[in-house]
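One line per chain: the protein sequences are A and B, in this order.
In this text, residue positions in the first sequence follow numbering that gives the first Met the number 0: the first is 0, and each later residue adds one.
In this text, residue positions in the second sequence follow numbering that gives the first Met the number 0: the first is 0, and each later residue adds one.
Where is the CB? At the ideal position from N, CA and C, for every residue including glycine.
Keep in mind the model is a prediction, meaning the values are calculated, not measured.
2 protein chains.
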Amino acid sequence: MKRTHPGALREILATNLRRIRAEKELSQETLADLCKIDRTYISGIERGLRNLSIDNLERLATALRVEPWQLIRRRDGDR
Amino acid sequence: MKRTHPGALREILATNLRRIRAEKELSQETLADLCKIDRTYISGIERGLRNLSIDNLERLATALRVEPWQLIRRRDGDR
DNA sequence: TTGTGACTTACAGTCCGTC
DNA sequence: CGACGGACTGTAAGTCACA
Chain A
0 MKRTHPGALR EILATNLRRI RAEKELSQET LADLCKIDRT YISGIERGLR
50 NLSIDNLERL ATALRVEPWQ LIRRRDGDR
Chain B
0 MKRTHPGALR EILATNLRRI RAEKELSQET LADLCKIDRT YISGIERGLR
50 NLSIDNLERL ATALRVEPWQ LIRRRDGDR
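So, in structure tokens, the structure goes:
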């Protein structure tokens with residue numbers, strides 16, 4: 000696929016998105032439906048392959064009913 | 000020119016960026032230099048006209064020495 | 001249900017300026 | 001110093017057929 004790869008923030012977003020989506024028990028497809036972003040695009044985000052814009056970050060957050068910043072907040076130990 | 004202008008998140012970022020940059024007493028130009036983003040582009044971000052990617056959000060955050068999520072976090076008191 | 005490569009088009013992002 | 005414009009280049013956006 001070779002979609003660009005830099006950026007640690009992408010990885011954080013990727014894991015957060017995947018985790019939160021799982022918590023809400025949504026499939027990529029239903030989420031895609033909710034925020035009107037293509038399913039395969041969401042797939043790409045969750046694998047850290049897509050460098051999305053903050054407009055799309057906002058759409059995802061709204062669909063998931065979380066604040067946008069929660070999607071890029073590092074979560075591990077919560078430091 | 001027709002720069003797009005949707006997205007409440009952009010406004011939050013705009014004010015946060017402007018505030019933090021001011022706190023660090025950096026000009027748009029020196030910040031541009033620090034994170035290697037074009038000065039006119041930073042100007043556009045601070046006016047909420049630009050829909051930047053999270054890779055660039057990260058670069059801005061790094062240059063300002065803050066966490067990326069702090070740039071898009073809404074503070075009580077602004078809108 | 002999700003991953004992937006390939007593709008076109010819209011705009012992200014740069015560089016030259018003026019005021 | 002910052003707002004704003006014109007003209008460009010590179011890549012995110014968005015979709016598809018198939019695995």
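- In this structure, the alpha-carbon of Ser52(B) lies about 22 Å from that of Leu25(B).
- The alpha-carbon separation between Leu8(A) and Arg17(A) amounts to approximately 14 Å.
- With a cut-off of 8 Å on Cβ pairs, the stretch 27-43 of chain B is not in contact with the stretch 27-42 of chain A, counting fewer than three such pairs.
- Contacts with chain A at 8 Å (Cβ-Cβ) do not include Asp32(B).
- For Leu48(A), no Cβ of chain B is located within less than 8 Å of the residue's own Cβ.
- For Gly6(A), at least one C-beta of chain B is nearer than 8 Å to its own C-beta.
- Per DSSP, Thr14(B) is one residue of the alpha helix (DSSP H) stretching across 7-22.
- Interface flag for Glu57(B) against chain A is set, since a Cβ pair is found closer than 8 Å.
- Looking at the DSSP output, Ser52(B) sits in a beta bridge with Ser52(A).
- DSSP places Asp32(B) within a helical segment (H, G or I) once states are collapsed to three.
- Apart from sequence neighbours up to five positions away, the residues of its chain that approach Ala13(A) with a beta-carbon distance below 7 Å are Ile44, Glu45, Arg46, Gly47, ordered along the chain.
- Using a Cβ distance threshold of 8 Å, Arg73(B) and Ile11(B) count as a contacting pair.
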